[in-house]
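S.K.: For what it's worth, the numbering used here labels the leading residue of the sequence shown as 101, then goes sequentially. Each residue gets a CB set at the ideal place from its N, CA and C atoms; glycine is no exception. Since the model is a prediction, treat every value here as computed from it, not as a measurement.
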Amino acid sequence: MLEALKEEVYKANLSLVEYKLVLFTWGNVSAIDREKGLVVIKPSGVDYATMKPSDMVVLDLDGNKVEGDLNPSSDTPTHLELYRSFPEVGGIAHTHSTFAVGFAQAAKDIIPYGTTHADFAFGAIPCTRDLNGIEIKDEYELNTGKVIVECFEERGIDYNAVPGVLVHSHGPFTWGKNADAAAKNSAILEEVSKMAYLSETLGAKEASKNIQKKHYFRKHGANAYYGQK
């Protein structure tokens with residue numbers, strides 16, 4: 101079942117290692133087949149070096165296992181909540197990459213200091229509020245997804261224009277049109293986080309709104325002209 105999607109998700113998970121975003125069994129990538137309403141995700145705690153496409157776990161959007169011998173990622177409820185709430189997302193990635201986690205642990209948004217950030221996202225990468233005691237105790241992973249959605253809704257952020265978030269005290273989640281795009285966005289977010297850290301250390305100010313708009317819309321939207329037709 102969904103063999104092509106399993107292969108895609110497997111390769112995207114391996115790319116997290118290639119991009120040097122994860123250690124050991126940390127991190128996970130998933131993808132969704134919207135027509136079937138099924139999600140494929142990395143199994144929990146399985147070493148990347150021994151993992152196989154057939155190890156990927158298939159679930160429905162309610163979290164019921166449809167296929168797979170292994171337990172799905174412990175972050176599965178977070179992924180499912182994002183798929184339910186962000187209907188144009190096709191793939192999701194989660195890492196504990198160093199600089200992005202640093203901003204999450206400092207509870208700081210990643211401010212767009214320059215054009216590299218603006219090429220990636222239209223505005224700051226937000227950090228969510230901290231989860232409260234009840235949210236942590238009961239259905240923690242589901243509530244992590246809910247607090248991400250709440251953050252975007254309350255701050256009026258378009259999840260298509262800002263394809264990532266920092267979860268307070270935890271780390272980054274990114275998304276895209278498929279698993280590969282989500283993993284690449286994790287790599288970009290980590291690089292943007294490094295640049296933001298250096299920029300703040302050197303006393304930089306946020307880039308002008310004009311330059312942010314120019315760089316974002318030359319790569320995204322109906323009038324984009326970056327790259328080849």
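(1) Evaluate the contact criterion for the segment 209-223 versus the segment 245-254: three or more CB pairs, one atom per stretch, below 8 Å.
(2) Extract the residue ranges of the beta strand (DSSP E) inside the segment 163-195, only unbroken runs of 3 or more that lie entirely within it.
(3) In the DSSP output, what is G264 paired with across the bridge?
(4) Quick check on this structure: which residue in W275, Y297 and E291 has the alpha carbon closest to the alpha carbon of E181?
(5) Name the two residues that bound the continuous beta strand (DSSP E) containing L114.
(6) Within its chain, find whatever has a CB closer than 7 Å to the CB of F220; leave out the 5 residues flanking it on each side and keep chain order.
(7) Can you tell me where the alpha helix (DSSP H) with I234 in it begins and where it stops?
(8) If you measure from the CB of A112, is any heavy atom of the ligand FMN nearer than 6 Å?
(9) Kindly indicate which three-state DSSP category I288 falls into: helix, strand or coil?
M.R.: Based on what the coordinates show:
(1) no
(2) 165-167 and 191-194
(3) T274
(4) W275
(5) Segment E103 to E118 is the alpha helix (DSSP H) holding L114; no beta strand (DSSP E) there.
(6) I288 and V292
(7) G233 to K237
(8) The ligand content of the structure shown is nil, which means the ligand FMN is not present either.
(9) helix
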